[in-house]
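Take a look at the structure set out below.
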Amino acid sequence: DTEVTQTPKHLVMGMTNKKSLKCEQHMGHRAMYWYKQKAKKPPELMFVYSYEKLSINESVPSRFSPECPNSSLLNLHLHALQPEDSALYLCASSQLGEAFFSLGYTFGSGTRLTVV
Amino acid sequence: TQLLEQSPQFLSIQEGENLTVYCNSSSVFSSLQWYRQEPGEGPVLLVTVVTGGEVKKLKRLTFQFGDARKDSSLHITAAQPGDTGLYLCAGASSRAGGTSYGKLTFGQGTILTVHP
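Protein chains in written order, with the numbering used here: chain Y, -17 to 98; chain Z, 6 to 121.
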C-alpha cells in the first residue's frame, strides 16, 4: 500500500458545527503532516507529528485540533470555523531521517472543506 | 527563514513547445523535490535531487540541481495537454541536532496550461 487515504473528500459545515477530518497510511511512515491549501497557492504547513507526537504547530488557531491515535492514523478536529478556513486540507506522510530527503512526501487527495 | 522563489508563476503554451521552470534560493538545501498537482488532488512527487549538479530525466522532463544546492530547474520538452497542472518545487533541509521530521519549504508554484 503506497497511498495516503483522506476522508471525507468533500465537507460542508456551518460555523457552529464540529467535524473531523481523517487520514490513514500503511506505509510505515513515522511522520505525518496536515497542510492547508488555498486555490492556486502552495500548501501551508499546519502540524507535524513524528512518532505519534506533535512536533510542530505552525501557530494554528485552536479551532483546529490535531490528533494522532496511532502510527497509521491522523485526525484533524474542527470546531467553530470561519468562512476563511474554507480550503483544501491535505494530509501527507514521510519517512524520517535521511530517507526523507530522497523519498519526499506522499500526499493524500485532500478534503475540500467549505465553511458556510 | 528559508525562501524558495519559483518562476514563472503562470505559463500558458501550445502543445509541442518547450518550457523551463526555475526555483531559486539563497539557502542551501539537502534535497530539492518537485511535485505536480492536478485540480482537486494532492501533489504527487515527480523527483528528488540530492547531489549538487545532479541531473535527472523522467521521460520528457529534465530536472537539475544547482552545484551549490541552492537552485533547481525543471525543463519539459514537447509539452502535452496532459502536462497541465500546478508544479511545486520544495526544499528540504537538515536541522542541527537531528530533526525527527522532514519539513519542506515550498515555492509559490507554477501554473502550467498546455493548449492542444
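We treat Cβ as the ideally placed atom computed from N, Cα and C, and that holds for glycine.
No experiment lies behind these values; they were computed from the predicted model shown.
Contact check, residue i vs residue j, beta carbons under 7 Å
i                        : j                       : result
leucine -7 of chain Y    : threonine 88 of chain Y : no
threonine 53 of chain Z  : glycine 86 of chain Y   : yes
serine 53 of chain Y     : alanine 13 of chain Y   : no
threonine 115 of chain Z : glutamine 38 of chain Z : no
proline 25 of chain Y    : leucine 72 of chain Y   : yes
serine 37 of chain Y     : valine 30 of chain Y    : yes
serine 98 of chain Z     : tyrosine 27 of chain Z  : no
proline 51 of chain Y    : leucine 58 of chain Y   : no
lysine 0 of chain Y      : histidine 61 of chain Y : yes
Terminal residues of the beta strand (DSSP E) in which residue i lies
i                           : result
alanine 81 of chain Y       : Counting along the chain, alanine 81 of chain Y falls outside any beta strand (DSSP E), though it belongs to the alpha helix (DSSP H) covering 80 to 85.
valine 26 of chain Z        : 24 to 29
tyrosine 33 of chain Y      : Careful: tyrosine 33 of chain Y lies outside any beta strand (DSSP E) and carries neither H nor E.
valine 98 of chain Y        : Valine 98 of chain Y -> no beta strand (DSSP E), and no H or E assigned at all.
arginine 45 of chain Y      : No beta strand (DSSP E) contains arginine 45 of chain Y, which DSSP labels as neither H nor E.
phenylalanine 68 of chain Z : 66 to 70
methionine -5 of chain Y    : -8 to -5
valine 119 of chain Z       : 115 to 120
aspartate 76 of chain Z     : 76 to 81
methionine 14 of chain Y    : 13 to 19
phenylalanine 15 of chain Z : 15 to 19
threonine -13 of chain Y    : -14 to -11
histidine 8 of chain Y      : Premise fails: histidine 8 of chain Y is in no beta strand (DSSP E) and is neither H nor E.
asparagine 57 of chain Y    : 55 to 61
alanine 69 of chain Y       : 69 to 76
arginine 11 of chain Z      : Residue 11 of chain Z is actually glutamine in this sequence, not arginine. Note, glutamine 11 of chain Z: beta strand (DSSP E), 10 to 12.
Buried/exposed call for residue i, threshold 16 Cβ in 10 Å
i                           : result
alanine 101 of chain Z      : Legend: pLDDT at alanine 101 of chain Z = 48, less than 50; position of this residue unreliable, no value from coordinates given.
leucine 8 of chain Z        : exposed
tyrosine 33 of chain Y      : exposed
arginine 74 of chain Z      : buried
glutamate 22 of chain Z     : exposed
tyrosine 92 of chain Z      : buried
glutamine 64 of chain Y     : exposed
aspartate 76 of chain Z     : buried
phenylalanine 15 of chain Z : exposed
methionine -3 of chain Y    : exposed
glycine 90 of chain Y       : buried
threonine 56 of chain Z     : exposed
histidine 121 of chain Y    : Residue 121 of chain Y is absent from the model: chain Y starts at -17 and stops at 98.
glutamine 7 of chain Y      : buried
valine 99 of chain Y        : Nothing about residue 99 of chain Y can be reported from this structure: the residues present for chain Y run from -17 to 98 only.
Residue-level contact to chain B via CB, residue i, 7 Å cutoff
i                    : result
lysine 20 of chain Y : Annotation note: the requested chain B is absent from the structure, which comprises protein chains Y and Z.
Any non-hydrogen atom of the ligand NAP within 6 Å of residue i CB
i                     : result
alanine 74 of chain Y : Of ligands this structure carries none, so the ligand NAP is not represented either.
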